[in-house]
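Colleague: Residue numbers (the numbering used here): -18 to 284.
Glycine included, each C-beta is placed from N, C-alpha and C at the ideal position.
1. For residue 156 versus residue 113, is the C-beta distance shorter than 8 Å?
2. Since residue 188 is in the beta strand (DSSP E), which residue starts that stretch and which ends it?
3. Are the region 223 to 242 and the region 20 to 31 touching, with three or more C-beta to C-beta distances below 8 Å?
4. Which same chain residues end up closer than 8 Å to residue 139 when comparing Cβ atoms and leaving out the 5 residues on each side of it in sequence?
5. Distance, Cα to Cα, residue 174 vs residue 183?
6. For the candidate residues 270, 132, 62, 86, whose alpha-carbon lies nearest to that of residue 192?
7. Cutting at 6 Å between CB atoms, please list the residues of its own chain near residue -16, excluding the five before and the five after it.
8. Among 228, 210, 89, 259, which one has its Cα closest to the Cα of residue 273?
9. Check this for me: beta carbons of residue 65 and residue 232, under 8 Å apart or not?
10. Under 7 Å Cβ to Cβ from residue 266, same chain only, skipping five residues before and after it: list those, please.
11. Going straight from the alpha carbon of residue 285 to that of residue 158, what length do you get?
12. What three-state label does DSSP hand residue 124 in the structure shown?
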């Protein structure tokens, strides 16, 4: 109970005392926005428009909701969804590692490290991902055979056909991961630059190597800046994987397109794919918000 006899947790727009304490706002004055007539009118209009849209979706027979729900848990659709999830996780994991490596190279004072990083970022950020996917898929036109061996005519360690190596799956993983690595490099670089340079000087003064300073001092503090855009990139990657359908990889979109080509029910099958994308992005959004809250709480506790 507050001093005026009202329970502040029941008043709209007011955080509970426990929540304000956890977020460091316990001593801050509480500001309760006044309800205006325009707010109520806007809310009423929003509800009317929303109900109209829902009613139209239900009443329009062309959406064929019966077909949508009959194919929602089709094994082929679930298999494609599983591959979409795996491509998202694998591409983001590889992209994050590449991002850290090329961010450090990009910030290096050594020209022989900085220039290749700049060229990598320029190339993969400057060309469309769809073009990159098609390029990797047709790599065998440039290099039909692959040979790995010792230089100057030494022993051959591996020799084979590029067609055997560059399958739709490997082309998709290469294209998604290398493209994501270029964007993650800039995200990681911005996180590293947000850490005060004095932290690095302090680590070096304690006798730590540059590698230890980066891993133990800089990157842990940069995570608070890196994580939010990384979460957004992951959600974006989930949807971007739909591009691999152009190289005939059996992801979620390709699965519903295959069924639609057989049943001629294009719209219902696109709705099936959209519903699963919405479910997966919603789950990832919740995970992202939990991770951000965790690091924000740790940061508040450190202060």
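Modeller: Answer, in terms of the structure:
1. Yes. Within cutoff.
2. Note, residue 188: premise wrong, no beta strand (DSSP E); not H, not E.
3. Verdict: no, contact absent.
4. Counting only residues of its own chain and dropping the five nearest sequence neighbours on each side, residue 139 has a CB closer than 8 Å to the CB of 127, 128, 129, 130.
5. Going from the Cα of residue 174 to the Cα of residue 183 covers about 16 Å.
6. Comparing Cα-Cα distances from residue 192 to each of 270, 132, 62, 86, the minimum goes to 86.
7. Caution applies to residue -16, whose pLDDT of 47 falls short of 50 and renders its modelled position unreliable; the value that the coordinates give is listed next. So the list is empty, once near-sequence residues are dropped.
8. 210
9. yes
10. 216
11. Residue 285 is absent from the model: the chain starts at -18 and stops at 284.
12. Looking at residue 124 - three-state DSSP - the assignment turns out to be coil, as it is neither helix nor strand.
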